[in-house]
Amino acid sequence: MHYSEQVIELKKMVAELQPPASDKHVLVEIEDACRIIRKAKPTIYTLVRKGLLPAYKKGKKLYFYEDELLAWIENGRRKTSEQTYEEMLANMQGGVRHKPKSSVKL
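Here is the structure:
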């Protein structure tokens, strides 16, 4: 009985360490998508048509996953000045490319 109590206690500890299951992977319709990303229906239709917004079409209806909409919003976030500075430094450290010299002499 002693081992079974330890196993039960270990299972509880592991369950506490695991991240909670994402309940945001919920299928929503266009009205809910409008509310989530705060855009009008015509804007959403345009973004879907251009392939900029993740959507699923079944028949004449568009469906979205809430977590994908939130990820789409996060991906469009502007970078801070610190992030752009770090990218600029990385590009500068990558080396400078020069135009190759012509091998033909006139």
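Each residue of the sequence shown is one higher than the one before, counting from 1 in the UniProt record's numbering. Even for Gly, the Cβ is constructed at its ideal location relative to N, Cα and C. Computed from a predicted model, the values in this text were never measured in an experiment.
Nonlocal neighbours in the same chain, by C-beta distance under 7 Å from residue i, ignoring five residues either side
i, result
"Ile73", "Ile37"
"Lys41", "Ile30 and Cys34"
"Val48", "Ala55 and Leu62"
"Leu27", "Tyr63 and Tyr65"
Residue i - DSSP class collapsed to helix/strand/coil
i, result
"Lys60", "coil"
"Leu52", "coil"
"Thr80", "coil"
"Lys39", "coil"
Residue i - partner residues in DSSP beta bridges
i, result
"Tyr27", "Residue identity differs from the one stated: residue 27 is Leu in this sequence, not Tyr. Answer by DSSP bridge pairing, in chain order: Tyr65."
Reference residue i; option with closest CA among the options
i, options, result
"Phe64", "Gln6, Arg35 and His2", "Arg35"
"His25", "Pro54, Tyr56, Lys39 and Asp67", "Asp67"
"Asn75", "Glu29, Leu52 and Lys39", "Leu52"
"Asp32", "Glu87, Glu86, Ala55 and Met88", "Ala55"
Neighbourhood of residue i by C-beta distance below 6 Å, restricted to the same chain and skipping five residues each side
i, result
"Met13", "none"
"Gly94", "none"
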